Amino acid sequence: MAGAIQDAVRPATPQPGPGGALPPAERLPRLALIGNPNSGKTSLFNQLTGLNQKVGNFPGVTVDRKTGIAALGGQRRAEVVDLPGTYSLYPKSLDERVIADLLYNPLSPDYPDFVVVTVDASNLRRSLLLFSQLADLGLPAILALNMTDVAAERGIQIDLPALERELGVPVVPMNARKGVGLAALRIVMADRLAARPPAGRFWQPAAELRPLLAAIRTRFDLPNDYLALHYAHQFGQLHFLSEADRHYLTELTQEYGFDSTAQQASETVARYAHINELLLEVVTVTRTERREPASNRIDKVLTHRVFGYLIFLAILFLLFQAIFAWAQYPMDLIDQGISALSAAIQERFSGPLVRLLTEGVIAGLGGVLIFIPQIALLFAFLAVLEETGYMARVTFLMDKLMRPFGLSGKSVVPLISGLACAVPAIMGARTIESWKDRMLTIFVTPLMSCSARIPVYTVLVALVVPDESWLGIFNLRGLVLMGLYLLGLGSALLSALLLKTVLKARERSYFIMEFPVYRWPRWKNVGLTIVEKVKAFIFQAGKVIVAISVLLWVLASYGPGQRQAQAEAQVQQTAQAQRWPAAETERRVASARLENSYAGTFGHVIEPVIRPLGFDWKIGIALLTSFAAREVFVGTMSTIYSVGQDADLGTVQQKLANEKDASGQPFFTPARALSLLVFYVFAMQCMSTLAVTYRETKSWRWPLGQLVYMTGLAYAASLFVWQLFA
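The numbers in the sequence shown follow the numbering used here, run straight up by one, and end at 733.
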């Protein structure tokens, strides 16, 4: 076996790449990170690029593209592209197909100069399948031998010089999570910028395929037979090919009787046979554990058919308790600070611009900042679950529950991600191979209660649910909040069951998942996740909230013609006749002006439709503005009640608590608040979600179906609740 794969030659000057062209001088060298899922690829990307990274889309598709700038040895820099995780170059999901689009087109401006392949040192056999395919494509490569600490714990010893000799590429042992071996990798990458591809091959196509491959190579000017073979296998999925090219390849493969499935199976068997021989020479295993591995013992508990579900529910329960109990103090400080700032400005200044600042801008800003503690806690919990490896166990655990509803275990990841935001959750459904499972998951994911609903839930729950403990330890508000989330989950599952009978598909879906090793979370990664998500909420959702708050203030402060002036004069006349106190007169005047404003007029137009739900025209305004983003509801209510009431009423919750109906009773009764909560559990009030659904499905049928179905469900459920409890 020694020397089966020849050593790579490292010339001193840049050489032509596989496509025959030198890297353009005007851009940085480009390297691609590729590896199996859970091989530490993303950790390595974060270590190499730090904060110098950005997210975009791969050309022509909607799959996320994460790129960054890495400092290499010798003060050189390179652009790093983090490719989706994959087990082989035969793609099964949308994420994996972008790899084929990138690596099979040497003429693409995004084609990498070389690749860094991350492999799991504790499972070399599986990881080397992908590497062998990349080597046969003729790509210059480096092998990042990650998780060497796990391999050592399992008694796996790897002869690095022998492995380098057999593979013909540099091998760098490392621990990407801790940054061990990172400096050596940077030096090797800088040196590898001037490298030729490996001279040897792991596997050669059969002789009977050569006429077919020769025709493909001639047509597309390809550098080797293996790349031509992938054109024969995957031409229907390669976006860069024209219709004429696809037609040509269809006729050519039919002419030669090319059986893609049989050829792929034969290749995989041959590659693993070669890899097995290689590993016999470079890997030695010494049993270091007399007992069963700790991860297996933990899995027996966490994935138990009874205790596993109970533990998962307990973790969710802890999460929702924390959102209320732990976040309440900082939320109160932020809310009181915003209220005090607004009052201080109004005491010292006056005029329309001051009211615009305090009742529009600051009120809207308060609707953004107050929920930072809760959103930070939510993403902190999700990040810890992902970092420790527990989220993969949850996916496995929930597969049996999902199957009867037409979903798969892989649907759990988008659904759980939907607790944060439906937009990335829907995009995460690309990893689901089955078209039917993917469409069902996309359709029902918005029913999961996302973080944008937290502001609505927390304000209304705190308004009508007493701050008491149940059984002395459980916060009652936290229990109600968890109930709302479970209601969203239940509706998503039942909706999937209903849609399952409508969608017809012959394909069968399978659930295969590899459990990552249990590890303590890297708190730096958790902290970065919290900062990124909070920043996204402030600068993306926050801009919308503040902008709508300002617009609403204008619409609520001014009205058509002389209607506001006439309404004010009528209230003043009644006040003089009935000798109202000055404070009561001022409150009635503000309420009359709001009702006759542009916003009030529009609210009255839709009020007959929402009155059966227990809602008035003020709530109607908030419902409509929520279509920009659900969290806008709180900013809208804050702005409306800032205009319609005295400015010194205090926080948002206090403003809503002071709202009275026509009989002078509290407006936000438990029945009305519950009706509004149920509406927000079900309603599709997010334009961004509708947009990403269209982008992922390439059809307006799905987002419009979501809008009609979820809005109708919300209306019916809210109507039922109000009629039952009012």
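Think of the CB as a built atom: it goes at the ideal place given N, C-alpha and C, for glycine as much as any other residue.
Please read all numbers here as calculations on a predicted model, not as lab measurements.
Nearest-angstrom Cα separation, counted from residue j out to residue i
i, j, result
"residue 717", "residue 640", "18 Å"
"residue 601", "residue 673", "19 Å"
"residue 677", "residue 503", "31 Å"
"residue 456", "residue 138", "41 Å"
"residue 700", "residue 449", "7 Å"
"residue 32", "residue 79", "Confidence at residue 32 is low in this model, with a pLDDT of 46, below 50, so the placement of that residue should be treated as unreliable; the coordinate-derived value is given next. Distance between the alpha carbons of residue 32 and residue 79 is about 17 Å."
"residue 687", "residue 465", "12 Å"
"residue 767", "residue 644", "Any property of residue 767 remains undetermined from this structure, which presents the chain solely from 8 to 733."
"residue 495", "residue 453", "9 Å"
"residue 719", "residue 704", "22 Å"
"residue 111", "residue 152", "25 Å"
"residue 76", "residue 326", "36 Å"
"residue 303", "residue 283", "25 Å"
"residue 568", "residue 683", "33 Å"
"residue 261", "residue 255", "10 Å"
"residue 473", "residue 351", "31 Å"
"residue 650", "residue 399", "Because the pLDDT of residue 650 is 46, which lies under 50, any placement of that residue in the model is unreliable, and the number read from its coordinates should be weighed accordingly. Going from the Cα of residue 650 to the Cα of residue 399 covers about 49 Å."
"residue 3", "residue 578", "Given a span of 8 to 733 for the chain in the structure shown, any question on residue 3 remains unanswerable."
"residue 522", "residue 536", "22 Å"
"residue 629", "residue 403", "40 Å"
"residue 243", "residue 257", "9 Å"
"residue 446", "residue 484", "35 Å"
Minimum C-alpha distance to residue i - residue among the options
i, options, result
"residue 274", "691, 234 and 211", "211"
"residue 74", "36, 44, 412 and 722", "36"
"residue 333", "384, 666 and 356", "384"
"residue 239", "223, 250, 228 and 248", "223"
"residue 88", "425, 439 and 124", "124"
"residue 252", "270, 231, 233 and 226", "226"
"residue 43", "97, 78 and 54", "97"
"residue 90", "51, 78, 83 and 82", "51"
"residue 280", "82, 110, 539 and 136", "136"
"residue 617", "229, 698, 729 and 461", "729"
"residue 141", "168, 156, 175 and 155", "175"
"residue 47", "288, 623, 39 and 126", "126"
"residue 607", "582, 565, 576 and 633", "565"
"residue 488", "216, 324, 538 and 218", "324"
"residue 532", "153, 53, 41 and 633", "53"
"residue 598", "423, 108 and 624", "624"
"residue 542", "408, 193, 379 and 364", "379"
"residue 444", "388, 509 and 475", "509"
"residue 366", "156, 554, 731 and 712", "554"
"residue 197", "168, 84 and 501", "84"
"residue 395", "611, 184, 546 and 103", "184"
"residue 213", "235, 157, 120 and 55", "235"
Per-residue DSSP class, three states only, for residue i
i, result
"residue 165", "strand"
"residue 666", "coil"
"residue 56", "helix"
"residue 475", "coil"
"residue 232", "helix"
"residue 185", "coil"
"residue 75", "strand"
"residue 180", "strand"
"residue 400", "helix"
"residue 676", "coil"
"residue 153", "strand"
"residue 451", "helix"
Residue environment, residue i, which counts as buried when at least 16 other CB atoms sit within 10 Å
i, result
"residue 571", "buried"
"residue 412", "buried"
"residue 397", "buried"
"residue 417", "buried"
"residue 105", "buried"
"residue 550", "exposed"
"residue 221", "exposed"
"residue 311", "exposed"
"residue 615", "exposed"
"residue 561", "exposed"
Any C-beta of chain C under 8 Å from that of residue i
i, result
"residue 354", "In the structure shown, chain C cannot be found, because there is only a single protein chain."
8 Å contact criterion, which residue i and residue j should meet: CB distance rounded
i, j, result
"residue 161", "residue 129", "6 Å"
"residue 170", "residue 178", "5 Å"
"residue 309", "residue 322", "Going by Cβ atoms, the distance from residue 309 to residue 322 rounds to 10 Å, so no, they are not a contact pair."
"residue 263", "residue 219", "4 Å"
"residue 612", "residue 368", "Rounded, the Cβ-Cβ distance is 27 Å, inconsistent with contact."
Any non-hydrogen atom of the ligand ATP closer than 7 Å to residue i Cβ
i, result
"residue 372", "The model depicted lacks the ligand ATP and carries no ligand whatsoever."
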